[in-house]
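Chemist: For any residue, its number in my numbering is found by taking its place in the sequence shown, counting from 1, and adding 613. Idealized CB from N, CA, C, for every residue including glycine.
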Amino acid sequence: MSGHSKWATTKHKKAAIDAKRGKLFARLIKNIEVAARTGGGDPAGNPTLFDAIQKAKKNSVPADNITRAVKRGSGEEAGGADWQTIMYEGYGPAGVAFLVECLTDNRNRAASDVRVAFTRTGGNLADPGSVAYNFTRKGVVEIAKADGIDEDSILMAVLDAGAEEVVEGPESFEVLCEPTDLIAVRNAVTEAGMEYDSAESQFVAGTKVEVDLDGARKVMRLIDALEDLDDVQNVFTSVDISAEVAAQLDEDED
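#1: Pairs of beta-carbons, one from the stretch 755-765 and one from the stretch 782-789, closer than 8 Å: are there three or more?
#2: So what does DSSP say about asparagine 659, is it helix, strand or coil?
#3: To the nearest angstrom, how far is it from the Cα of serine 851 to the Cα of glycine 775?
#4: Taking only three categories from DSSP, how would you classify isoleucine 854?
#5: Smallest Cα separation from methionine 700: which of Val713, Glu840, Asp773?
#6: Which of the three DSSP states, helix, strand or coil, is assigned to threonine 717?
#7: CA-CA distance, isoleucine 796 and glutamine 815?
#8: Short of 6 Å in beta carbon distance, which residues of its chain neighbour glycine 686, apart from the five on each side in sequence? Order them along the chain.
#9: Three-state secondary structure (DSSP) at serine 811?
#10: I need the straight-line Cα distance from valine 832 to cysteine 715, nearest angstrom please.
#11: Evaluate glycine 635 with the Cβ neighbour count: other Cβ atoms within 10 Å of its Cβ, from every protein chain shown; 16 or more gives buried, anything less gives exposed.
#12: For glutamate 702, which residues of its own chain have a beta-carbon under 8 Å away from its beta-carbon, when the five flanking residues on both sides are left out?
#13: Would you tell me roughly how many angstroms separate the C-alpha atoms of alanine 801 and alanine 770, rounded to the nearest one?
#14: Do you know how far the Cα of asparagine 847 is from the Cα of threonine 732?
#15: To the nearest angstrom, how far is it from the Cα of asparagine 672 to the Cα of arginine 640?
#16: With H, G and I counted as helix, E and B as strand and the rest as coil, what does DSSP make of serine 618?
#17: At the level of alpha carbons, what is the spacing between threonine 623 and glutamate 864?
#18: So, for glycine 652: in the same chain, excluding its five sequence neighbours on each side, which residues have a beta-carbon less than 7 Å away from its beta-carbon?
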């Protein structure tokens with residue numbers, strides 16, 4: 614789930630709790646395996662692998678787990694699964710569009726589990742292409758808020774590298790760019806002395822659907838149901854949740 618809906622931290626807070634830690638680790642390890650299999654096991658020559666490893670480290674994945682994932686993905690060590698990427702499209706409560714990215718070794722299981730998650734939470738799967746047209750793949754670099762870091766300072770650092778806009782969330786900024794400019798933007802952030810939390814390609818909705826508190830709760834239930842599935846890697850939506858509603862959601866969790 615990306616932070617373009619003004620509640621970037623909600624997902625990260627949820628992912629940080631112990632109940633979801635194992636699933637988060639599994640997703641990050643899958644990312645590393647796939648990146649190593651696609652572009653080789655040397656992070657210096659494989660920017661996608663470099664960013665996958667950095668994200669895993671920032672989320673406290675043990676170094677041994679990261680090393681083994683790289684070796685499995687590159688073929689240096691046996692045991693790597695034949696992960697396939699599958700995208701599912703659907704609609705959730707309030708007509709919010711969903712793109713669900715799965716990395717799975719069992720297509721039938723993934724399809725069945727995703728369908729059940731939608732139907733049990735008031736959503737439904739959609740035909741291929743009926744939702745995807747509203748999403749564009751973008752490079753997204755996430756920067757945590759800190760002293761001396763604001764929208765203007767970030768823009769000054771990344772504009773010449775190809776950044777398109779900076780989106781401010783409650784606890785972080787997101788720099789959007791074309792996927793081909795992701796490495797340049799990430800490097801510009803680092804060269805400006807700023808630390809980034811993640812740098813990766815995501816699907817960003819062009820048209821958003823603003824929801825009230827009840828709608829936000831229902832959308833979150835569907836997101837949670839999908840993210841609980843072992844095969845689901847990423848969930849992207851067109852939901853737009855205001856700062857006021859996001860604050861009420863946070864109160865729900867306290």
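Modeler: Taking the structure as given:
#1: With a cut-off of 8 Å, the stretch 782-789 and the stretch 755-765 count as touching, because enough Cβ pairs lie within range.
#2: Asparagine 659 falls in the coil class under three-state DSSP.
#3: The alpha-carbon of serine 851 is positioned some 24 Å away from that of glycine 775.
#4: Isoleucine 854: coil per DSSP, three-state reduction.
#5: Closest option to methionine 700, Cα to Cα, is Val713.
#6: Strand at threonine 717.
#7: So the alpha carbons of these two residues sit roughly 14 Å apart.
#8: The residues are Glu646, Ala649, Arg650, Gly693.
#9: DSSP places serine 811 in strand when its eight states are reduced to three.
#10: Distance between the alpha carbons of valine 832 and cysteine 715 is about 19 Å.
#11: Taking all protein chains shown into account, glycine 635 has fewer than 16 neighbouring C-beta atoms within 10 Å of its C-beta and is therefore exposed.
#12: Closer than 8 Å at Cβ, skipping near neighbours: Ala710, Phe711, Leu712, Val713, Leu738, Ala739, Asp740, Pro741, Gly742, Ser743, Val744, Ala745.
#13: Taking the straight line from one Cα to the other gives about 6 Å.
#14: Counting only the Cα atoms, asparagine 847 lies some 19 Å from threonine 732.
#15: So the two alpha carbons sit approximately 11 Å from each other.
#16: Confidence at serine 618 is low in this model, with a pLDDT of 42, below 50, so its placement is unreliable and the value that follows should be read with caution. DSSP, read as helix, strand or coil, puts serine 618 in helix.
#17: The predicted position of threonine 623 is uncertain, since its pLDDT is 44 and thus under 50; no value can be drawn from it.
#18: Residues Asn659, Thr661, Leu662 of the same chain have their beta carbon placed closer than 7 Å to that of glycine 652, with the five preceding and five following residues left out of the count.
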